Amino acid sequence: MTAAVLRRRFALLDANLLVFLCVRRVAPALIERDKRLQSFDTTDFDLLEDILSEARGIASIPNVVSETSNLARQIGSSFHQPLAQSLQMLVDQAVELFVESRAAARHPLHERLGITDAATLSALQPRNDFALLTTDHNLHVAALEEGSRALNFNHVRNRRPDF
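When you read off a place in the sequence shown, starting at 1, and then add 1316, the result is the number in the numbering used here.
Here it is in structure tokens:
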């Protein structure tokens, strides 16, 4: 699967990729210092931007935005404000989907994947104009098994000639 999965669709990003976008836009040097982001580099950001350029835009759900905010706040107190502003800019531009917590909790994969991933899968299910972009293998596989469009960013990264 390639970025074509996202062509003319909204990219529903996971929290890891949203954190990466926020940090890269505010303080790229932090990427090497944060344990969750150390696997990313500048080429990955360019690759992510290229993939997102195929999409109609970014989509999110409140669960992912909350998780992103919490993860970004763990990076360091001196970066709370700029990271919060970066997230706000991304959220302002995103299409926001809502999934009731009770619906996410009833999703068959809630116990295995957690409430955020269950909400993400629930958001994707009835819509054809959205596609998941994630670094989470289990979430990616679950989305595909449910018939949703999904792209694992790590699979794209693995095809880089310098990777």
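In this text, a Cβ means the ideal position worked out from N, Cα and C, and glycines have one as well. Quantities reported herein were computed from a predicted structural model and do not represent experimental measurements.
- Message: At the level of alpha carbons, what is the spacing between R1324 and G1373?
- Response: If I take the Cα positions, the gap works out to 9 Å.
- Item | Span separating the alpha-carbon of E1348 from that of Q1354 | Their Cα atoms are separated by approximately 5 Å.
- Message: Between A1421, A1320, H1471 and A1410, which has its C-alpha nearest L1334's C-alpha?
- Response: In terms of CA proximity to L1334, A1410 leads the group A1421, A1320, H1471 and A1410.
- Rank F1414, A1458 and C1338 by C-alpha distance to the C-alpha of F1356 and give the top, closest one. Checking every option, the nearest Cα to that of F1356 belongs to C1338.
- Message: Taking only three categories from DSSP, how would you classify M1317?
- Response: Note that M1317 scores 46 on pLDDT, short of 50, meaning its location in the model is unreliable; the coordinates nonetheless yield the value given after this. The DSSP-derived three-state label of M1317 is coil.
- Nonlocal neighbours in the same chain, by C-beta distance under 7 Å from A1327, ignoring five residues either side: Within the same chain, A1327 has close Cβ partners L1368, A1371, I1374, A1375, A1447 and L1449.
- Query: DSSP beta-bridge partners for E1461?
  - Reply: BP columns for E1461 are empty, so no partner.
- Please work out which residues of its chain come closer than 6 Å, Cβ to Cβ, to M1317, disregarding the five sequence neighbours upstream and downstream, and give them in chain order. For M1317, the pLDDT reaches just 46, beneath the cut-off of 50, and the residue's location in the model is therefore unreliable, leaving the point undetermined.
- Task: Closer than 7 Å by C-beta to L1460: which residues in its own chain qualify, once you throw out the five before and the five after it? Chain order, please.
- Result: These residues qualify, in order along the chain: A1466.
- Limits of the unbroken beta strand (DSSP E) element including S1402: Looking at the DSSP string, S1402 is not in any beta strand (DSSP E); the run it does join, the alpha helix (DSSP H), is H1396 to Q1409.
- Who are A1388's beta bridge partners in DSSP? Paired residues: none, contrary to the question.
- Identify, in the order they occur along the chain, each residue of the same chain with its Cβ nearer than 8 Å to the Cβ of N1470, setting aside the five sequence neighbours on each side. Same-chain partners within the cutoff: T1451 and H1453.
- Exposed or buried, H1396, counting other C-beta atoms within 10 Å across all chains shown (16 or more means buried)? Around the Cβ of H1396, a 10 Å sphere holds fewer than 16 other Cβ atoms; the residue is exposed.
- Go through the segment 1418 to 1450 residue by residue and report every complete run of the beta strand (DSSP E) that reaches 3 residues or more, in order. The beta strand (DSSP E) runs lying completely inside the segment 1418 to 1450 and spanning 3 residues or more are 1446 to 1450, given in chain order.
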